[in-house]
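Notes follow once the structure below has been shown.
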Amino acid sequence: MITRSHLGITWSMPDIEEERWEFFNHPAKQEWYTSHAVTWERIVSRFDSGALVPYPRAAKLGDITVALSYHSYDEYQRYLGRAKRGYRKNYSRMEDALQSAGSLNLKAPIILCCGREGMLYSGYRRLCLGWNYGMVPYVWLVNVDNES
């Protein structure tokens, strides 16, 4: 999928193994996994059946409420704009590359979904890059419901 403005980002399916840290180590996400009984094995087994879907800047993706997406400008300022240099540095590199080349190929951010509740699993900086340049980024949406 391609998102365009005067700049462009081509979004592709991410590699779940590259995002493994988010499941085992990210403290803000542990409660969501527990409350939805989501295991690493379930994420991996359902991952390939995910889909690239557009995610306009909002707290919801269609009828799915997305936790930890920090979509508002105030949240962006708190979590990325004023972030420590190391976290912000990777965003700045992507931004510089996009402005220099005019286009980028990026792995899509990942959203896990259980029923009507989702969580931004990974890719916040990539998501912000699209949003901040007036694009509608694509995300890899993975249904991890028990029933599916």
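So the working numbering is basically just the index in the sequence shown, starting at one, shifted up by 5. The beta-carbon is built from N, C-alpha and C at its ideal position, and this holds for glycine as well. It should be emphasised that the depicted structure is a prediction, and the values quoted were computed from it without experimental measurement.
The alpha helix (DSSP H) enclosing residue i, as first and last residue numbers
| i | result |
| --- | --- |
| V49 | 45-52 |
| E27 | 25-29 |
Assigned secondary structure, residue i (DSSP; H/G/I helix, E/B strand, else coil)
| i | result |
| --- | --- |
| A102 | helix |
| S40 | helix |
| G139 | coil |
| S17 | strand |
| N148 | strand |
| P59 | strand |
Contacting residues, own chain, Cβ-Cβ under 6 Å from residue i (five flanking each side not counted)
| i | result |
| --- | --- |
| V147 | R51, F52, G55, L117 |
Own chain, CB closer than 7 Å to residue i, minus 5 neighbours either side, in chain order
| i | result |
| --- | --- |
| V49 | I21 |
Endpoints, the beta strand (DSSP E) within which residue i is located
| i | result |
| --- | --- |
| A72 | 69-72 |
| L111 | 108-112 |
| E122 | 122-127 |
| L117 | 115-119 |
8 Å contact criterion, which residue i and residue j should meet: CB distance rounded
| i | j | result |
| --- | --- | --- |
| Y60 | Y143 | 7 Å |
| G123 | T70 | 7 Å |
| R62 | Y96 | Actually they are not in contact, since the Cβ atoms of R62 and Y96 sit about 16 Å apart, beyond 8 Å. |
Euclidean distance between Cα positions of residue i and residue j
| i | j | result |
| --- | --- | --- |
| L109 | A42 | 36 Å |
| Q35 | C119 | 15 Å |
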